[in-house]
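S.K.: From first to last, the protein sequence lines are chains A and B. Take 14 as the starting number for the first sequence in my numbering and just add one per residue. Take 220 as the starting number for the second sequence in my numbering and just add one per residue.
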Amino acid sequence: MKIIVCVKQVLDPEMPVSSFRVDREQKKVVPPPGTPPVVSPFDENAIEAALRLKDNQGAEVLALSVGRKLSRPVLKKALSAGADALYLVEDSGFDDLDGFGTAQVLAAAINKIGGFDLVITGRQAADWDRGVAGSALAELLGVACITVARKIEADGGTLTVERVADDGIEVVEASMPCVVTVTNELGSLRQITLPDIMRSKQKPVLEWTAGDLGMERPPPRRTELRDLFIPARDTVCEMVAGETPEQAGEKLAEVICNDCNI
Amino acid sequence: MIVIGERRDGGLSASTTEMLGGGRTIADQMGGPLEIALLGEGMEPLAQESIASGADRVYLLQNPKLTQYQPESWLKAITELICRIGPELVLIGQTSMGRDLAPRLACRLGAGLAMDCTKVEWDPDAGRVRMSRPVFGGKAVAIEVSSLKPAMATVRAKAMKARKPDASRRGEVVTVSVEIDDSVPKSRTAARVREKAEGVPLEDARVVVSGGRGIGGPEGFELLDALAGVLGGATGASRPPCDAGWVPSSRQVGLTGKMVRPDLYLAVALSGSSQHMAGCQDSKTIIAINKDPDANIFSYAHYGVVGDYRKVVPPLLMRLKEKMK
Numbered sequence: 014m015k016i017i018v019c020v021k022q023v024l025d026p027e028m029p030v031s032s033f034r035v036d037r038e039q040k041k042v043v044p045p046p047g048t049p050p051v052v053s054p055f056d057e058n059a060i061e062a063a064l065r066l067k068d069n070q071g072a073e074v075l076a077l078s079v080g081r082k083l084s085r086p087v088l089k090k091a092l093s094a095g096a097d098a099l100y101l102v103e104d105s106g107f108d109d110l111d112g113f114g115t116a117q118v119l120a121a122a123i124n125k126i127g128g129f130d131l132v133i134t135g136r137q138a139a140d141w142d143r144g145v146a147g148s149a150l151a152e153l154l155g156v157a158c159i160t161v162a163r164k165i166e167a168d169g170g171t172l173t174v175e176r177v178a179d180d181g182i183e184v185v186e187a188s189m190p191c192v193v194t195v196t197n198e199l200g201s202l203r204q205i206t207l208p209d210i211m212r213s214k215q216k217p218v219l220e221w222t223a224g225d226l227g228m229e230r231p232p233p234r235r236t237e238l239r240d241l242f243i244p245a246r247d248t249v250c251e252m253v254a255g256e257t258p259e260q261a262g263e264k265l266a267e268v269i270c271n272d273c274n275i
Numbered sequence: 220m221i222v223i224g225e226r227r228d229g230g231l232s233a234s235t236t237e238m239l240g241g242g243r244t245i246a247d248q249m250g251g252p253l254e255i256a257l258l259g260e261g262m263e264p265l266a267q268e269s270i271a272s273g274a275d276r277v278y279l280l281q282n283p284k285l286t287q288y289q290p291e292s293w294l295k296a297i298t299e300l301i302c303r304i305g306p307e308l309v310l311i312g313q314t315s316m317g318r319d320l321a322p323r324l325a326c327r328l329g330a331g332l333a334m335d336c337t338k339v340e341w342d343p344d345a346g347r348v349r350m351s352r353p354v355f356g357g358k359a360v361a362i363e364v365s366s367l368k369p370a371m372a373t374v375r376a377k378a379m380k381a382r383k384p385d386a387s388r389r390g391e392v393v394t395v396s397v398e399i400d401d402s403v404p405k406s407r408t409a410a411r412v413r414e415k416a417e418g419v420p421l422e423d424a425r426v427v428v429s430g431g432r433g434i435g436g437p438e439g440f441e442l443l444d445a446l447a448g449v450l451g452g453a454t455g456a457s458r459p460p461c462d463a464g465w466v467p468s469s470r471q472v473g474l475t476g477k478m479v480r481p482d483l484y485l486a487v488a489l490s491g492s493s494q495h496m497a498g499c500q501d502s503k504t505i506i507a508i509n510k511d512p513d514a515n516i517f518s519y520a521h522y523g524v525v526g527d528y529r530k531v532v533p534p535l536l537m538r539l540k541e542k543m544k
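1) Just to confirm, are A:L238 and A:K41 a CB contact at a threshold of 7 Å?
2) What does DSSP give as the partner residues of B:A359 in its beta bridges?
3) What's the call for B:T337, buried or exposed, on a 16-neighbour Cβ count within 10 Å?
4) Which one or two residues does DSSP pair with A:A98 in a beta bridge?
5) Does any CB atom of chain B fall closer than 7 Å to the CB of A:F242?
6) Between B:G439 and B:G473, is the Cβ-Cβ spacing less than 7 Å?
7) How long is the line joining the alpha carbons of A:S148 and A:P208, rounded to whole angstroms?
8) What does the alpha-carbon distance come out to for the pair A:S201 and B:P353?
9) If we call anything under 7 Å between Cβ atoms a contact, is A:A187 one with A:L153?
10) Just the C-alpha distance for B:S292 and B:A424, rounded to the nearest angstrom, thanks.
11) Output needed in chain order: residues of the region 384-409 of chain B with a Cβ under 7 Å from some Cβ in chain A.
12) Which residue's Cα is closest to the Cα of B:G545: B:G436, B:P369 and B:I223?
13) At which residue ranges does the region 159-211 of chain A contain complete beta strand (DSSP E) runs of 3 or more residues, listed in the order of the chain?
14) Check the Cβ of A:M189 against every Cβ in chain B and list those closer than 8 Å, keeping chain order.
15) How many Å lie between A:V51 and B:M262 at the Cα?
16) What's the C-alpha gap between B:Q287 and A:C158?
17) Chain B partners of A:P258, CB-CB under 7 Å?
18) Can you find a C-beta in chain A that's less than 7 Å from the C-beta of B:V479?
19) With DSSP as the reference, label A:S32 as helix, strand or coil.
20) Check the Cβ of A:I126 against every Cβ in chain B and list those closer than 9 Å, keeping chain order.
21) Please list the partners that B:P353 has in chain A, where partner means a Cβ-to-Cβ separation under 8 Å.
22) Applying the 10 Å Cβ sphere with the 16-neighbour rule, what's the burial state of B:E268?
23) Checking the sheet assignment: what are the DSSP bridge partners for A:E251?
24) Check each candidate in B:V364, B:K530 and B:E441 and name the one with the smallest Cα separation from A:D111.
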């Protein structure tokens, strides 16, 4: 089975909120100096999903990333975790891709790689939080799409997926090739050991530009960004204190009953 | 403009009535009709409910295969309709269905899509739709304008307000028969397991008590359940307790979890990451209990206690029980 995992490099979503800065005029987020990017968390769940299938029944797992100024150390985490090869599609024109544009580049790369059975990616990226690229990719590839999966099983050419719905779980079946997007309920990416990292140094890293994919110019955006800002918050927190934490707890009960009409 | 409606428990879903309420305002500003598409069999009563809630025209897209959401079948039916009627704007709920359908529908329609919008407004000067949405885990807000027609927005729960149903409102109901042959669906739902909600559903609770990573384990959540019980509320959680298996994932409040807007939100041993706060920041009163005085939650909370929840909550619970008697 040939599995392609699409992973995106993003600003660390766990960075301290105080370091997060926006240049409103430029409509850009200002990366805090000295904070390396990370693999988008839901894409780590995607790598884990692929590796579980590899463990259970054998598969070739290829990691694929698209962007501008891709960090090799960050994205090679996919190889350390257990992927067999890493494809990097890097181009200076890729700094402003929306979900649809990303999907177009991914589709071009996937078609160039050829012969996939399954594409897995995170349900949404931790920067723009759109949740578009995976589904749009399925449309471009002309295959089924199953989103927010928490469990993926393959049997012959059929995929059985447990997905998270608003009020419970759905079990969905589809034929491969298809696209699946995953959510955190699938489980965290396995621990990576030093031997894993050493082993991964032999694994191939292939690098393509937009030109290698036959793209003369980056795909246009479907929406224009008109404004980007950090919303002001003027909440003032009234601290409730006591001589002991227990006393503070008791005082809080008064606050709740008086101020909250409970 | 058109809303893609959903049914829930025999009537329109809350998300649908909210979009009709908000959509009514936008349609009036645009100077055009507010339309809604309802898919599947037996939707006639919901057509009347839609009109009472603000719709001018209801399209009933009929085929038994549409009654339960199936992506390719819904895509075919809706794409055909929208290509015929050519709306300026399509609204879909940021629900299980909407998150799945919207990106693919936008591909087929060549639409300019913004997901998880907290605001959708008509800009009369530009003659375009402005869509506001949270980005970077809720740390920033982006305002986007579609470069294509139609614009499409998935709308966050509780971002718009449903109008009081007005039974005197008149509207048109159009029945459309949709053909879906066996080659259309590319996936099949083999089973649906609907979770039994214990007590008050999180999204409807007037009080929510949520725990974070600092709770330390499932036992701590039993204390929070007791607190929620006394206050007549529900227990929620940030993502780490769900990932750790201390509580079911259905309790997760946040950007990819439930959106809640209770009168009182008690955040216990919870750092207050932007992704979590995106799910609860519109609560009327937020109270935080946290060991760390620098925790981000204190910049959202109206009241705060710095302390170990294991010491603060039991006396809080006892005093509340006394006062409730």
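Backbone N, C-alpha and C fix where the C-beta goes; we use that ideal spot for every residue, glycine too. Since the structure is predicted, the reported quantities are computational estimates derived from the model, not experimental observations.
M.R.: Straight from the coordinates:
1) no
2) B:V354
3) buried
4) DSSP lists A:L75 as partners of A:A98.
5) yes
6) no
7) So the two alpha carbons sit approximately 36 Å from each other.
8) 25 Å
9) No, the Cβ-Cβ distance between A:A187 and A:L153 is not below 7 Å.
10) If I take the Cα positions, the gap works out to 35 Å.
11) K405, S406, R407, T408 and A409
12) Outside the shown range of chain B, which is 220 to 544, sits residue 545 of chain B, and nothing can be said about it.
13) With a minimum length of 3 residues, the continuous beta strand (DSSP E) runs that stay inside the region 159-211 of chain A are 171-178, 181-188 and 191-195.
14) Simply none; closest approach about 11 Å.
15) A:V51 and B:M262 have their C-alpha atoms spaced approximately 47 Å apart.
16) 17 Å
17) G526, D527, K530 and V531
18) no
19) helix
20) The premise fails here: A:I126 is roughly 21 Å from chain B at the closest Cβ pair, so nothing lies under 9 Å.
21) D142
22) buried
23) B:Y522
24) B:V364
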